[in-house]
Ligand code: ME8
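Written out as structure tokens, the structure reads:
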């Protein structure tokens, strides 16, 4: 076992708004890092932002700002999202920081002094969105970038070059003799395929007269460093290369670069040859994961289908979103995102399998043992079978994580919970209680609780907050609940009989899938209130004000906002429905509501109403409704909920 583990994510372009793809890489790195810590290694994670280059300079200019001011504003989006997503990174590097720029300059000077960097003329093309150089023959249809299909700029200018071509044979040999260096294997083949074509020297500078936003070359003040040459160095500048040799050597020897498949070549060709030139050993591995697509389409701003992680957090909560991300993709392959696939996974694995199991074990301990975890009696075969499966899963999880299949490892853990639910059916503790067989009942509930302890420990790196809650429900104190290690997860009899279990509301309240949302939406019109209540019972949604309690966090997952009605008309053939165009802040939406018996379209126009703003759009009578308004009903009287007095702007949060 390695003593240390160092994992990096790409440093993201500071201009971009982080989306589900960036979240996936960062969440995956965090989960891997937490698993390695759980396995007893000193695990260290680095992420950060890529802040130089033409894209940033252009974006800052468009906003009339200095590039650094623009970066200072933009970087917060990433930092806050990572905080929100529970990312436990040890460091966050920005390429505009002195500690980074100093190392980049030292490396440039050293390579220049050793004639590994030389001056010449660059003639070729440049893609600004990708920040990549291309030769004429790389381009598609004459001028288009082979990666993103956008037009490139032709350049002809004095530049400095890194003698990358001289490392071609060495790199081919290194990749061939180090299986697992580039993962998955087919990405190693892709790199070899690229290398077997002509490998040119790498242009690593731009004249300041054209682009000034970059690190100035220490040996020529009229040029700045190429953004990729600068950015890749973050992986070593952040961990003490040139400043803290002890930390650097310890971490670099166990370094793993997690990247998306889009930036394979810059890492496996540029970075490896740069490292060789600097005189450093290769990282342990590169892993290029696949692409999140939306409904099998590429996600892109122009198609308007980019998934915003904040919307996902609002629906699923942080931990369940992390769970759905990690189990929804086989790392290395592409995955298709749909809301329904996430909801199905959530409801099946978390609400049904894990949530139900916890609630069964805890509720019966409360009911039959006054909330004190009972001591087990003699174990029978059926108990031992579940115990063995639970005790074995830590090993298979670890193997899977080490093979970069955390998705499969987590599936194995969830399978233990599925077995535990079957165990409850087989042992029927409710019948044991009726029969007064308390000793056997004690053994069954203890076995169920120990299984939940092991499973929750193994899922801790994926869902740290929820698993802490689960473990405290089983009677552990906060320290025991959060200090998870493999030794305790491979041992039975850790929960102490006599500990007090806690009753909690559903750990993972069920989320209505799309079809159900659509149906319920029609029924949500207050005129069908009774039917709605029945429906809610059936689908086990959390009912505000019902028997089931919701936490403040759960409540705030529902975003209530003020909205102004701009237009209203009756829906043909539906005497209860009004179709409205509403304004919510700067946005306009369409809303269908079952209020036509109480309000005419004229009475609605100009009114300020309260809506549920983050409800998944649903079709009512074939017309899309993008939200739901709030109204109250008593007998036949229906009244809209409104703001008390004044002309209130639309888009204000309510709560
Ligand atoms: O390339 N699915 O930064 P970047 C999965 N600054 N992952 C995705 C994704 C998707 N649809 N879209 C983006 C850069 N990613 C450079 C890196 S490193 C020294 C410099 C993830 O902001 C994936 O990890 O364009 C991809 O490699 C990365 O975001 C690209 O981020």
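Residue numbers (our numbering): 1248 to 1902.
Note that the Cβ used here is the ideal one computed from N, Cα and C, for glycine as well.
Remember, predicted model here, so these are calculated numbers, not experimental data.
Quiz item: By Cβ distance, which residues of its chain are closer than 7 angstroms to residue 1869, with the 5 residues on each side in sequence left out?
Solution: none
Practice problem: Go through its chain and collect everything with a Cβ distance to residue 1253's Cβ below 6 angstroms, but skip five positions before and after it. | Solution: 1291, 1498, 1501, 1502
Practice problem: To the nearest angstrom, report how far apart residue 1774 and residue 1829 are at their CA atoms. | Solution: Bear in mind that the predicted position of residue 1774 carries a pLDDT of just 39, short of 50, making it unreliable; the figure below should be weighed with that in mind. Taking the straight line from one Cα to the other gives about 22 angstroms.
Quiz item: Under the criterion of a Cβ to heavy atom distance below 7 angstroms, does residue 1485 qualify as lining the ligand ME8?
Solution: No - the ligand ME8 has no heavy atom lying nearer than 7 angstroms to the Cβ of residue 1485.
Quiz item: Are residue 1364 and residue 1358 touching if we call contact CB-CB under 8 angstroms?
Solution: yes
Exercise. Please say whether residue 1458 and residue 1304 have beta carbons closer to each other than 8 angstroms?
Key: yes
Exercise. Please report how far the alpha carbon of residue 1472 lies from the alpha carbon of residue 1462, in whole angstroms.
Key: Straight-line Cα distance between these residues: approximately 5 angstroms.
Self-check item: Alpha carbon of residue 1487 to alpha carbon of residue 1494, nearest angstrom
Solution: CA-CA distance, residue 1487 to residue 1494, rounds to 6 angstroms.
Quiz item: With 16 as the cutoff for other CB atoms within 10 Å, does residue 1348 come out buried or exposed?
Solution: buried
Quiz prompt | Sub-8 angstroms separation of residue 1513 and residue 1475 beta-carbons | solution = Yes, these two residues count as a Cβ contact at 8 angstroms.
Quiz item: Rounded to a whole number of angstroms, what is the C-alpha to C-alpha distance between residue 1399 and residue 1451?
Solution: 18 angstroms
Quiz item: Which residues mark the beginning and the end of the alpha helix (DSSP H) in which residue 1948 is found?
Solution: The displayed coordinates of the chain run from 1248 to 1902. Any statement about residue 1948 would go beyond what the structure contains.
Quiz item: Taking one C-beta from the stretch 1417 to 1431 and one from the stretch 1388 to 1408 each time, how about it: are there three or more such pairs within less than 8 angstroms?
Solution: no
Quiz prompt | Where residue 1553 falls: helix, strand or coil (DSSP) | solution = Of the three classes helix, strand and coil, the one that applies to residue 1553 here is coil, per DSSP.
Quiz item: Looking at the structure shown, is residue 1739 part of a helix, part of a strand, or coil, going by DSSP?
Solution: coil
Quiz prompt | C-beta contact flag for residue 1648 and residue 1656 at 8 angstroms | solution = Against a cut-off of 8 angstroms, the Cβ pair of residue 1656 and residue 1648 comes out as a contact.
Quiz prompt | Residue environment, residue 1730, which counts as buried when at least 16 other CB atoms sit within 10 Å | solution = Label assigned to residue 1730: exposed.
Quiz item: Quick one: does the C-beta of residue 1465 sit closer than 7 angstroms to a heavy atom of the ligand ME8?
Solution: No, the Cβ of residue 1465 stays beyond 7 angstroms of every heavy atom of the ligand ME8.
Self-check item: Contact check, residue 1709 vs residue 1654, beta carbons under 8 angstroms
Solution: Not closer than 8 angstroms, so no.
Self-check item: residue 1553 versus residue 1566: straight-line alpha-carbon distance, rounded
Solution: The alpha-carbon atoms of residue 1553 and residue 1566 are separated by roughly 21 angstroms.
Quiz item: Shortest alpha-carbon distance to residue 1874 belongs to which of 1819, 1858, 1597?
Solution: 1858
Practice problem: Go ahead and pull the three-state DSSP assignment for residue 1547. | Solution: coil
Quiz item: residue 1740: which of 1748, 1638, 1812 sits nearest, CA to CA?
Solution: 1638
Exercise. Alpha carbon to alpha carbon, how far is residue 1356 from residue 1362? Give it in angstroms, no decimals.
Key: In this model, residue 1362 and residue 1356 are separated by some 10 angstroms (Cα to Cα).
Self-check item: Close beta carbons around residue 1383, own chain, < 8 angstroms, minus the five adjacent residues each side
Solution: 1371, 1372
Exercise. Run through the stretch 1384 to 1439 for me and flag every whole beta strand (DSSP E) of 3 or more residues, listed as ranges in chain order.
Key: 1400 to 1409
Practice problem: State the DSSP-derived secondary structure class of residue 1676, mapped to helix, strand or coil. | Solution: helix
Exercise. Return yes when the C-beta of residue 1317 is under 7 angstroms from any heavy atom of the ligand ME8, and no when it is not.
Key: no
Practice problem: Apply the 10 Å Cβ neighbour rule to residue 1397 and answer buried if 16 or more other Cβ atoms are within range, or exposed otherwise. | Solution: With fewer than 16 other Cβ atoms within 10 Å, it is exposed.
Practice problem: Following the continuous beta strand (DSSP E) through residue 1867, name the residue where it begins and the one where it ends. | Solution: In the DSSP annotation of this structure, the continuous segment of the beta strand (DSSP E) that includes residue 1867 starts and ends at 1865 to 1867.
Exercise. Give the straight-line distance between the Cα atoms of residue 1792 and residue 1854, rounded to the nearest whole angstrom.
Key: For residue 1792, the predicted model reports a pLDDT of 30, less than 50, meaning its position is unreliable; a value from the coordinates is still stated below. When rounded, the distance between both Cα atoms is 27 angstroms.
Quiz item: For residue 1889, which residues of its own chain have a beta-carbon under 8 angstroms away from its beta-carbon, when the five flanking residues on both sides are left out?
Solution: The beta carbon of residue 1889 lies closer than 8 angstroms to those of 1854, 1855, 1856, 1857 in the same chain, with the five residues before and after it left out.
Quiz item: Taking 7 angstroms as the line, does the beta carbon of residue 1272 fall inside it for any heavy atom of the ligand ME8?
Solution: yes
Quiz item: Going by beta carbon distance, what residues of the same chain come within less than 8 angstroms of residue 1395, once the five residues before and after it are set aside?
Solution: 1374, 1376, 1377
Quiz item: Does DSSP put residue 1704 in a helix, a strand or coil?
Solution: In this structure, residue 1704 counts as helix in the three-state DSSP scheme.
Quiz item: How many angstroms separate the CA atom of residue 1507 from the CA atom of residue 1435?
Solution: 14 angstroms
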